[in-house]
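Asks: Under the working numbering, the first residue of the sequence shown carries the number 1, and numbering increases by one thereafter. To start, I am sharing the structure in question, which I have written as structure tokens.
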Amino acid sequence: MNEKQKIKKEHKNLINQIKKHNKHYFDKDNPIISDSQYDKLKRKLVDLEKKYSFLKSYGSVNEIVGTKPSNKFKKIKHLKPMLSLTNAFNKNDIEDFLKKINNFLNSKGKIVELFTEPKIDGISATLIYEKGILTKGLSRGDGVTGEDILENIKTISKIPKIIKDDNLPDLLEIRCEIFIGKSDFQKINKNFANPRNAAGGSLRQKDPKETAKIPLKYFAYGLGAVEPNKFFTQSNFLKKISEWGFSTNPMSKKVVGVQEIEKEHQKIDNLRSSLNYDIDGLVLKVNDFHLQQRLGNTSNAPRWAIAYKFSAEKAITKIMDISIQVGRTGAITPVAKVDPVTVGGVVVSNATLHNEDEIKRKDIRIGDFIQIQRAGDVIPQVVSVDISKRTNTSEKFSFPTNCLCGSPTKKEFSKSTKKEDAIRRCLKGYECKYIAREKLKHIVSKEAFNIEGLGKKVIDQFWDLKLIKEPSDIFNLNYKKILQLEGWGDLSINNLKNAISNSKNISLEKFIFSIGIRHIGQENAKILASFFISIEEFSKLYDNKLRKKLLKNLLELDGIGETQIDAIDNFFSNKINIKITKNLSSNLDIISYSIKSKNGKFSNKKIMFTGGFQNMSRSEAKSIAENNGGKVLGSLSKKLDYLIVGDSKPTKRKVDQAKELKIRIIFEKEWNKILNS
Ligand code: IVH
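Structure follows, in structure tokens:
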């Protein structure tokens, strides 16, 4: 063999090796060499091809790599979304929760039975059984779409792979929380901050054999999809599945009223440290499934459940400095840089001071000794200041009146509360680089574009390197530069490319939420999407004249008020915002809003309510109308199809006006008939 032939042979050999490892990584999800070893092989190939130009004909590296979708796990849409829970921190919050339930159900003092369970601090997953056989196991993902982690889940011995019962639903979805016991965590702890992270890491192993090495446990806590339904209460559901072999938490019970809830909260909090797994509160659920269904969900969380958190862990430390942080809406948050201290197993060096008024109220100063507390994943907070430890050189903190970008800040006047806001804000938008960077973090977040691999830290890194300045840059990244950064290899870049490319198909409501107009959260973004339907219509807001007209029409939408309309007007009055929004949308395929239950009882009908109902609250009536394809309006106009009039104190003027406009009027009795038909 001559020299040239030898080189060709080495070249071919390298290509074959890379192909083999691609197969292990992409197809089998089970690489047999590390990322850096793989990168070395590739570098060798590139170098060889550079050195000997006659080799080029064998194909470039980029053709070999990355033809397959590279996300580690297959994405699967949940049969029913996996929601999160609203938090309660004290008795007041619980009283509010109970009041809201009673109001919604219009239950007139009749006490609703609840079921309490410990809230396990682990990783949520969902198990799908078809005719009793475990066929799918998914992670929560973004709540709408999860990842297929079935093989890893199967390594948990206590999870039934088959359920046997004569009376089994054909389809049964069990929601559960997977965790590592505290003692097991001590034994295996390698690089994880806490058992929760370790459980997450273990579940996301590419090789189920790796998962199997770690002793994962779980508690089943909820019912997802079921067909046909054979369950009527949470308590009976858990009893039944525990008979079928599922692990359920033994410290669950029925409770009624605030007193009993408080007692149970105390009791479990006292037991907390003696348990072999982390819990961070109680979950309270309405026990009756029919009532749960009536209560339904807001966009993120069910109305029928709440997480009653335990009081946070506390520690004493010293404030070394106070700096400010700028949020995506320009909010200026003071942050205490503290002497690092361990709180609940995590080293804390920052604590939030909320706002200027809070610093004044507590007279917090640099050099003060403070008590801080940390609850769950939220930023630690300052509980109290120990004034006795203050030296005489200590000075009151004077709050900066300028943003980090140098522009002046202002406290806004809120039209709805008629008060001055406690929060000072930078009035700039993308022109303030601190705001711009936070806006980017919002755009890539789970609720918005949901780009895996492009988290807050990466945004910071890319921002510092000027790889990203505005949202559209995400879709035109300089991957050559990124490849040179530490921690990035061909595989991670490939994953990022895929995640970014997948995110280009985005619904209009998510797009509206993503661009970050103040006061337009997920719920309002949905309402706006249902009004505009397509991006073409939405982009009429960019034009000053058209916008003024459109904004007037928005007032009729239930949920959109003056505050939101002013915020939209403000956002699009800014030319930079328009340019940035246009640049962004030009990279995307924005999917028009589709009305979901088109063939409901009120499909495509515009409805308005007046007066109260006997059997349901206004909120429930509204949610029933919407679930049946109707659109609920907040003001009367010719466009209205039905005015629904409750028996209790309807507004006469509205009824008269509707008569004049020849709008169909439906009284309470008929409304009930329609619902029952
Ligand atoms: S019920 C919203 N029960 O907490 C759906 N959740 O913050 C109803 N969790 O994603 C959830 N223990 O992963 C429920 N006993 C329990 C739970 C529990 C832990 C987790 C669950 C959920 C998260 C919500």
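Using N, Cα and C, we set each Cβ at its ideal position, and we do this for glycine too.
Taking only the alpha-carbon atoms, compute the straight-line gap between T497 and F462 and give it to the nearest angstrom.
Replies: Note that residue 497 is Lys in the sequence shown, not Thr. Going from the Cα of K497 to the Cα of F462 covers about 15 Å.
Asks: Residues in the same chain with beta-carbon distance under 8 Å from I7, minus the five sequence neighbours each way, listed in chain order, please.
Replies: L48, Y52, L55
Asks: Determine the DSSP secondary structure at A331, reduced to helix, strand or coil.
Replies: strand
Asks: State the Cα-Cα distance for the pair N604 and L640, rounded to the nearest angstrom.
Replies: 11 Å
Asks: Can you check whether the CB of S323 is closer than 8 Å to the CB of V679?
Replies: Given that the chain is displayed from residue 1 to residue 677, the structure contains no residue 679 and the question cannot be resolved.
Asks: So, with DSSP's three-state summary, where would you put Q564?
Replies: helix
Asks: Looking at the ligand IVH, does it come within less than 7 Å of V283, judged from the CB to the closest heavy atom?
Replies: yes
Asks: Could you tell me whether any non-hydrogen atom of the ligand IVH is closer than 7 Å to the CB of R140?
Replies: yes
Asks: In the DSSP output, what is N505 paired with across the bridge?
Replies: D589
Asks: Return the chain-ordered list of same chain residues with a C-beta closer than 7 Å to the C-beta of F531, the five sequence neighbours on each side being excluded.
Replies: L554, L557
Asks: Let's see if you can read the secondary structure: which residues bound the alpha helix (DSSP H) around N524?
Replies: 522 to 532
Asks: Less than 8 Å separating the beta-carbons of K540 and L546?
Replies: yes
Asks: Are at least three pairs of beta-carbons, each pair with one atom in the region 123 to 140 and one in the region 99 to 107, less than 8 Å apart?
Replies: No, because fewer than three Cβ pairs between the region 123 to 140 and the region 99 to 107 fall closer than 8 Å, the two stretches do not touch.
Asks: Just verifying my parser: in three-state terms, what is the DSSP assignment at V61?
Replies: With a pLDDT of 47 at V61, under the threshold of 50, the modelled position of this residue cannot be trusted, and the question is left open.
Asks: Could you check what DSSP says for E313 in three-state terms: helix, strand or coil?
Replies: strand
Asks: When we look at the beta-carbon of D321 and count the other beta-carbons within 10 Å, is it buried (16 or more) or exposed?
Replies: The residue is exposed, with fewer than 16 neighbouring Cβ atoms inside 10 Å.
Asks: For Y221, is the beta carbon positioned less than 7 Å from some heavy atom of the ligand IVH?
Replies: yes
Asks: Could you give the C-beta distance for E438 and N583, rounded to a whole number, given that I count them as a contact under 8 Å?
Replies: No, E438 and N583 are not in contact; Cβ-Cβ is about 18 Å, not under 8 Å.
Asks: Short check: CB of K411 to CB of D421, under 8 Å?
Replies: yes
Asks: On the three-state DSSP scale, how would you describe E679?
Replies: Because the chain is modelled from 1 through 677, residue 679 falls outside the range shown and cannot be assessed.
Asks: What three-state label does DSSP hand P302 in the structure shown?
Replies: strand
Asks: For Y642, which of helix, strand or coil comes out of DSSP?
Replies: strand
Asks: Applying the 10 Å Cβ sphere with the 16-neighbour rule, what's the burial state of L467?
Replies: buried
Asks: What I want to know is whether the C-beta of L83 ends up closer than 7 Å to one or more non-hydrogen atoms of the ligand IVH.
Replies: Yes, the beta carbon of L83 sits closer than 7 Å to at least one heavy atom of the ligand IVH.
Asks: What residues match up with M1 in a beta bridge as DSSP calls it?
Replies: Looking at the DSSP assignment, M1 forms no beta bridge with any residue, so it has no partner.
Asks: Below 8 Å, can you find three or more Cβ-Cβ pairs linking the region 284 to 291 to the region 219 to 235?
Replies: A contact exists between the region 284 to 291 and the region 219 to 235.
Asks: Indicate the three-state DSSP secondary structure (helix, strand or coil) for F115 in the structure shown.
Replies: It is a strand residue.
Asks: When you compare the CB positions of E130 and S139, do they come within less than 8 Å of one another, or not?
Replies: no
Asks: For A312 and K433, what's the separation of their Cα atoms in angstroms?
Replies: 34 Å
Asks: Which residues does DSSP pair with V383 in a beta bridge?
Replies: V383 is not bridged to any residue.
Asks: Taking only three categories from DSSP, how would you classify T391?
Replies: coil
Asks: Which first and last residues belong to the beta strand (DSSP E) in which Q371 is found?
Replies: 369 to 374
Asks: Over the uninterrupted beta strand (DSSP E) stretch that includes T145, give me the two end residues.
Replies: Residues 145 to 147.
Asks: With a 10 Å radius around its C-beta and 16 neighbouring C-beta atoms as the bar for buried, classify V283 as buried or exposed.
Replies: buried
Asks: At a threshold of 7 Å, does A88 count as lining the ligand IVH (C-beta to nearest heavy atom)?
Replies: no
Asks: Cβ of I306 within 8 Å of Cβ of A529?
Replies: no
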